[in-house]
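Report on the structure given below.
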Amino acid sequence: MLSLSRLLCGTVTTGDALRYGRRSSGSPAHLLHFSEDKRPVVVWNVTRRCNLRCLHCYASSADHPYRGELTTEEAFRVIDDLADFGVPVVLFSGGEPLMRPDLFELSARAVERGMRAVLSTNGTLLTPEMIARVREQGFSYVGVSIDGTRETHDLFRGASGAFDRSLAAIRATRDAGVRVGVRYTITRHNQHDLPALLAMLETEDIPRFCMYHLAYSGRGKRISPDTLSADEARAALDLLFDTVLDWHRRGIEKEVLTVDNHADAAYLYMRMLRDQPERADDVLRLLRWNGGNQSGLAIACIDNVGRVQPDQFSWNHTVGNVLERPFGEIWRGDDVAGLLRDLRSRQQFLPERCRACGFLDICNGNLRARAESATGDVWGTDPACYLTDEEIAIPA
């Protein structure tokens, strides 16, 4: 994740990160990205079942039961293992996690064990009663997926009325005092709705916005031709930059992040060089601490049947199962192997263009799952990189 708003507006500095010793344990949530201690944030797909059928679903979820999903007791043991290992955040995802009957028991256990619990949901099941439980059971943040204005969103989600239900859930969650935000996956078919969504953030008083670049996993692979062109990606980033700075000038506090295209870090740095050169060095240092893509380092995934992957888009690369070994042993044991091992020394495996790039230390080779889907080689070129040959030769 790249926090455009904090870096552009100077609301996070190297001094902030150093003040907490750059450790993940005990750091405020917004400083986890810059931690030296890369204990992973765990995305846990607690169920694969979902009441919608989204075009870009990386889990290819559907509305039916899936065999082999963890029992409550098995899930409790996993939570205890994660806490013992020092995982700072558990992101409960799916499928649609609210379709799992014991979700709130799991979140309460995670919070009780000292971890932050985050909910990723399509929002359509967030009734007032459900939102009350979200608040009571300790979720610190709820991310609701919105993929455009009403017509666009309902098309992406495969259900008429999905937009209205999701927006109503955002309003009710906000009014209940739970921090809430919009998760938006941008493609060529919904990029025209980005200005309207940013305007909605302001009119609806929604504090957080995450723009995801399309990952070619699950059903997302089918729509990979809809990835933004280089010019379209730059235009979207420029709009986010300009909006963030306008909000900051007007005293409107919102956090805006981009996810899953680490060329954004280089593009942000080039913007700083142009418009705020006096702050560029500080931002560059933070971007280096962020480290770009963190699959297999500061991001981990546990799928619905307990398999561990380097990130939520790499279900074809299982490195262990939490039903067989504790998560900490899988993640940092003496026998770490396969893609998980290679991701931790990835620079030697990356394509030549990445190895020669002046921004490698703030991008880290971009999203390997997308490269593999596009080229058949996990160490191939990520087609979503929009930097020119001239730009990557700029000494960072």
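Position 257 (the sequence shown) corresponds to 259 in the working numbering; numbering is contiguous.
C-beta atoms are modelled at their ideal positions from N, C-alpha and C, and glycine is treated no differently.
Asked: Separation of A265 from N368, as counted between CA atoms; Found: 7 Å
Asked: Identity of the residues DSSP links to Q311 by a beta bridge; Found: C303
Asked: E206: first and last residue of the uninterrupted beta strand (DSSP E) it sits in; Found: Neither: E206 is in no beta strand (DSSP E) and is coded neither H nor E.
Asked: Closest Cα partner of V2 within the set G360, Q349, P312, S316; Found: Any question about residue 2 goes unanswered here, given that the chain covers just 3 to 398.
Asked: Inter-residue Cα distance where the pair is R137 and A395; Found: 49 Å
Asked: Best match in L286, E374, L325 for proximity to L4 [C-alpha to C-alpha]; Found: L286
Asked: A134 burial status per 10 Å Cβ neighbour count (16 or more: buried); Found: exposed
Asked: Residue interval of the alpha helix (DSSP H) (run including S147); Found: Not the alpha helix (DSSP H): S147 falls in the beta strand (DSSP E), residues 141-147.
Asked: Close-in-space but distant-in-sequence residues of the same chain around R181 (CB under 8 Å, 5 per side omitted); Found: S142, Y143, V144, P209, R210
Asked: Per-residue DSSP class, three states only, for G382; Found: coil
Asked: Assigned secondary structure, R24 (DSSP; H/G/I helix, E/B strand, else coil); Found: Reliability of the predicted coordinates at R24 is poor, the pLDDT of 46 falling under 50, and no value is obtained from them.
Asked: The segment 351-370 contacting the segment 380-389, beta-carbon criterion three pairs below 8 Å; Found: yes
Asked: CB-CB length for R281 against M274, believed under 8 Å; Found: 6 Å
Asked: Extent of the continuous alpha helix (DSSP H) run through A77; Found: 74-87
Asked: Residue burial classification, A268 (beta-carbon count within 10 angstroms, cutoff 16); Found: buried
Asked: Alpha carbon of L199 to alpha carbon of R8, nearest angstrom; Found: 20 Å
Asked: Exposure of H155, with buried meaning 16 or more beta-carbon neighbours within 10 Å; Found: buried
Asked: Per-residue burial, A358 [other beta carbons within 10 Å of its own, 16 or more giving buried]; Found: exposed
Asked: 8 Å contact criterion, which V48 and P99 should meet: CB distance rounded; Found: 5 Å
Asked: CA-to-CA distance, W249 to R334, given in whole angstroms; Found: 42 Å
Asked: Residue from S347, E114, N323, E234 whose Cα sits closest to the Cα of D363; Found: S347
Asked: C-beta atoms of V146 and V120 nearer than 8 Å; Found: no
Asked: Collapsed DSSP secondary structure at T49 in the structure displayed; Found: coil
Asked: Element boundaries [beta strand (DSSP E), containing V261]; Found: 257-261
Asked: Own chain partners of T187 with C-beta closer than 7 Å, once the 5 adjacent residues on each side are dropped; Found: H58, D149, Y214, L216
Asked: Short Cβ contact (8 Å threshold) for Q204 with I254; Found: Residue identity check: residue 204 is Glu in the sequence provided, not Gln. Taking 8 Å as the Cβ cut-off, E204 and I254 qualify as a contacting pair.
Asked: Residues near V258 in its chain [Cβ-Cβ closer than 7 Å; skip 5 each side]; Found: L6, S7, F211, L242, V246
Asked: Whole-number beta carbon distance between L341 and G298, since they are thought to touch under 8 Å; Found: 7 Å
Asked: Residues near L128 by beta carbon distance below 6 Å, same chain, minus five either side; Found: A171
Asked: Exposure of P279, with buried meaning 16 or more beta-carbon neighbours within 10 Å; Found: exposed
Asked: L239 versus R251 - alpha carbon distance; Found: 18 Å
Asked: Cβ neighbour criterion (16 or more within 10 Å) applied to P42; Found: buried
Asked: Close-in-space but distant-in-sequence residues of the same chain around T383 (CB under 7 Å, 5 per side omitted); Found: P353, R355, A373, T377
Asked: Cα-Cα separation, F78 to V14; Found: 35 Å
Asked: CB-CB length for P328 against D39, believed under 8 Å; Found: At roughly 19 Å, the Cβ-Cβ gap does not stay under 8 Å, so P328 and D39 are not in contact.
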